[in-house]
Structure formats: C-alpha cells, structure tokens
Amino acid sequence: IFFRSRMSTYEDLSNVVDVTSLECLNEKPDKNILGIFPPSGSVLESDCDEQLLMHIAFTTAVKLHSLEFVAPNDGRRPSDVKLFANMRVDFSEAEGSPATQQCQLEWLPHDSSRMKAVFQTKFVKFQNVKNISVFIGSNVDDGETTALSSLTMFGIVLSDMNMSNLKKSG
C-alpha cells in the first residue's frame, strides 16, 4: 500500500514496526495493541479511562509522513492525539510536555461500521524516527473508553548503510 503526496510516494511502514517491543499503557488485556497491526484485525481499547499511550519502535530509522487511524463508528474514536518522535514518555509527560506534533483528528467514513482519520506529520520534524510515542488524550464523545481498529503509518524507510563495509575502489 502506498500513500501519494505531491511528487513523493510513501510506503506502509508496518513491515518495519518492531512488534516484539510494542507497548500500550491503559489497554484492556483482551483488546491490546497487537490487535491494530496486521494480520490481527481485532480492536485496541482503553481500560480505566479514555487515554491510551502507545510506544512503537521501528527495526530501522524512518521518515514518518502520516498515520492513518481506523476506529469503530461510535463515540469511542480517538480525538486529541500527540506524537513524540524518538521519545518514550509516561502519562504525566504526555499530558504536560510539548509534543513533537499534536492534532484533533477529523474523521471520515471508511466502511459501513468504521471511520478513518489521517494525521499528516510536519515532515521535517519526523526525519530520522527510531521510535514514536502516540498519546490519545480523549475520544470524540468524551466516553469512558477509546477504541482503535487499526493504525497504519506511512513514510520512507531509511537504509542502514554501514560506511565501514564500503571498499576503496581503484
């Protein structure tokens, strides 16, 4: 899957998400973060309140262009989202510290039961991302829990070129 924007093409970064290090704070045990990454197809839902804090690492550095959120078509859809590039934050830091970028998600119909929102990053702030913390502070109806069906990140994978492996020619 590719995301086209002006003259560049951005790829789905799911294949470089380090699923072994995925972590989400305040998730329901039976509706956890693994549910929003392929091939699961289940739902991530918050446990005690509407907040979720996801820590996502990549197996290689990326340039992060955008995040596509898909959620159930009800009041549990995320509303306020903060991104922290190359920072691992806790709830108090996520609430009180300036984010690399934040926005209010604008939702559009995705299919008969789900909605979709795209968070386009300020690309210059997300050029060499090794991990990202995604803080969902509220949902659209200020309900008790927040739910997310999928999260797809788009960008460019940076190559891991080891300069010491290059041989002098000539």
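In the numbering used here, each residue's number is its place in the sequence shown (first place is 1) plus 309.
Ideal Cβ placement from N, Cα and C applies to all residues, glycine included.
Taking only three categories from DSSP, how would you classify Ala366? strand
Do you know how far the Cα of Asp358 is from the Cα of Asp339? 16 angstroms
When the Cα atoms are used, what is the spatial distance from Glu377 to Ala408? 18 angstroms
Proximity below 8 angstroms, CB of Arg385 to CB of Thr461: no
CB contact flag (Asp321, Phe435, <8 angstroms): no
Among all the DSSP beta bridges, which residues are the ones paired with Ile465? Lys372
Can you tell me where the alpha helix (DSSP H) holding Ala403 begins and where it ends? Phe400 to Gly405
Which complete beta strand (DSSP E) runs does the region 437 to 466 hold, if anything under 3 residues is left out? 438 to 445 and 459 to 466
If you draw a straight line from the alpha carbon of Ile465 to that of Ile365, how long is it in whole angstroms? 16 angstroms
Tell me the residue span of the beta strand (DSSP E) that contains Asp383. Segment: none, Asp383 is in no beta strand (DSSP E) and carries neither H nor E.
For Met431, count neighbouring Cβ atoms within 10 angstroms of its own Cβ and tell me buried if that reaches 16, exposed if not. According to the sequence as given, residue 431 is Lys; it is not Met. Exposed.
Whole-angstrom Cβ separation of Ile345 and Ala394, contact assumed at under 8 angstroms? Not confirmed; about 19 angstroms, so no contact.
With respect to the beta strand (DSSP E) encompassing Gln411, which residues constitute its N-terminal and C-terminal limits? Gln410 to Gln413
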